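Peer 1:
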């Protein structure tokens, strides 16, 4: 067999071993041999032979008390290195470009900066009337959709001072007068899994939607945003626009290692 042909065929035993690891990852807990074999669709005797080798290289470990198998220390190290090397902003930019192509709306990516949420990238749709979003724009917590996402899912001690400043300055929406009002609104955002503003947006004539993106620690890391001319975006809870936004945010969260249970189609 030529070297080129052998390279194309790959190493079957390695692929089988990776199939066992995939089955264990999918189980999301330590597993008995019979469960691993069933998930990997192979006889237990065959699965056991591969598990012995995987244990030797540190990809799997076995609890001597329960006989259950789990992901080993070397596998965990590989995962941590992969997470560390992920460029979350690059992945976020790809996500908003794909979302723009799907829904043909202005999309943007917001992250938490030194002074609160900031837009780091936006994508222009293919339509005659659009809302321009300026990269580097800092967003209010109470009167922007992305701001509400950060205020809802970040720890209170990280956002409360800024919320109080917005309330004191009169820049909060007209229906939010007190800190209790703000937290009641943010609790609703968290229940819905999305922030939607139309009519009370920071910029007159503009409406926006935003969804949270979580990292491998299940902490908020970014917000995906849709911005449009007021009255032009379908803001209904079951609208295709909102479904696609939630799906995009959920998929990006999975890519970043999040294990949060999110209804991406609601």
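In my numbering, the protein residues as written are 115 to 380.
Where a beta carbon is used, it is the ideal one built from N, C-alpha and C, also for glycine.
Please read all numbers here as calculations on a predicted model, not as lab measurements.
(1) Which of the three DSSP states, helix, strand or coil, is assigned to residue 188?
(2) Whole angstroms is fine: what's the gap from residue 159's alpha carbon to residue 240's?
(3) Give the range of the alpha helix (DSSP H) segment to which residue 277 is assigned.
(4) When you compare only the Cα positions, how much space is there between residue 168 and residue 190?
(5) For residue 147, which residues of its own chain have a beta-carbon under 8 angstroms away from its beta-carbon, when the five flanking residues on both sides are left out?
(6) DSSP puts residue 312 in a beta bridge; with which residues?
(7) On the three-state DSSP scale, how would you describe residue 222?
(8) Among 279, 202, 352 and 219, which residue has its Cα nearest to the Cα of residue 320?
(9) Within 10 angstroms of the Cβ of residue 100, are there 16 or more other Cβ atoms? Answer buried if so, exposed if not.
(10) By Cβ distance below 7 angstroms, which residues in the same chain neighbour residue 369 in space, the five residues on each side in sequence not counted?
(11) Do residue 154 and residue 134 have their C-beta atoms within less than 9 angstroms of each other?
(12) I need the straight-line Cα distance from residue 346 to residue 285, nearest angstrom please.
(13) How many Å lie between residue 292 and residue 364 at the Cα?
(14) Below 8 angstroms CB to CB, which residues in the same chain sit around residue 332 once its five sequence neighbours on both sides are set aside?
(15) Rounded to whole angstroms, what is the Cα-Cα separation between residue 283 and residue 194?
(16) Counting only the same chain and skipping the five closest in sequence on each side, list residues whose C-beta sits under 7 angstroms from that of residue 249.
(17) Please return the same chain residues whose Cβ sits closer than 6 angstroms to the Cβ of residue 304, not counting the five positions on each side in sequence.
(18) Express the C-alpha separation of residue 137 and residue 151 in angstroms, rounding to a whole number.
(19) By a C-beta neighbour count over all protein chains shown, 10 Å radius and 16 as the cutoff for buried, is residue 367 buried or exposed?
(20) Exposed or buried, residue 127, counting other C-beta atoms within 10 Å across all chains shown (16 or more means buried)?
(21) Would you say residue 277 and residue 256 are within 9 angstroms of each other, going by their C-beta atoms?
(22) Should residue 261 be labelled buried (16 or more other beta-carbon atoms within 10 Å of its own) or exposed?
Peer 2: Taking the structure as given:
(1) In this structure, residue 188 counts as helix in the three-state DSSP scheme.
(2) The alpha-carbon atoms of residue 159 and residue 240 are separated by roughly 57 angstroms.
(3) Membership of residue 277 in the alpha helix (DSSP H) is indicated by the continuous run 270-283.
(4) If you draw a straight line from the Cα of residue 168 to the Cα of residue 190, it comes to about 13 angstroms.
(5) Answer for residue 147: 158, 161, 162, 165, 181 and 183, listed in chain order.
(6) When beta bridges are read from the DSSP output, residue 312 appears opposite 321.
(7) Strand, per DSSP.
(8) Across the set 279, 202, 352 and 219, the C-alpha of 219 shows the shortest separation from the C-alpha of residue 320.
(9) Lying before the first or after the last residue shown, residue 100 is absent from the chain, which here runs from 115 to 380.
(10) Counting only Cβ-Cβ distances below 7 angstroms, and skipping sequence neighbours, we find 205.
(11) Yes, the Cβ-Cβ distance between residue 154 and residue 134 is below 9 angstroms.
(12) Near 25 angstroms, if we compare the C-alpha coordinates of residue 285 and residue 346.
(13) Answer to the nearest angstrom: the Cα atoms are 32 angstroms apart.
(14) Counting only Cβ-Cβ distances below 8 angstroms, and skipping sequence neighbours, we find 372, 373 and 374.
(15) C-alpha separation (whole angstroms): 43 angstroms.
(16) If the five residues before and after residue 249 are omitted, its C-beta is found closer than 7 angstroms to the C-beta atoms of 233, 234, 235 and 236, all from its own chain and listed in chain order.
(17) Excluding sequence neighbours, residue 304 sits near 266.
(18) The alpha-carbon atoms of residue 151 and residue 137 are separated by roughly 8 angstroms.
(19) The residue is buried, with at least 16 neighbouring Cβ atoms inside 10 Å.
(20) So residue 127 ends up on the exposed side.
(21) Yes, they are a contact pair.
(22) Buried, by the Cβ-count rule.
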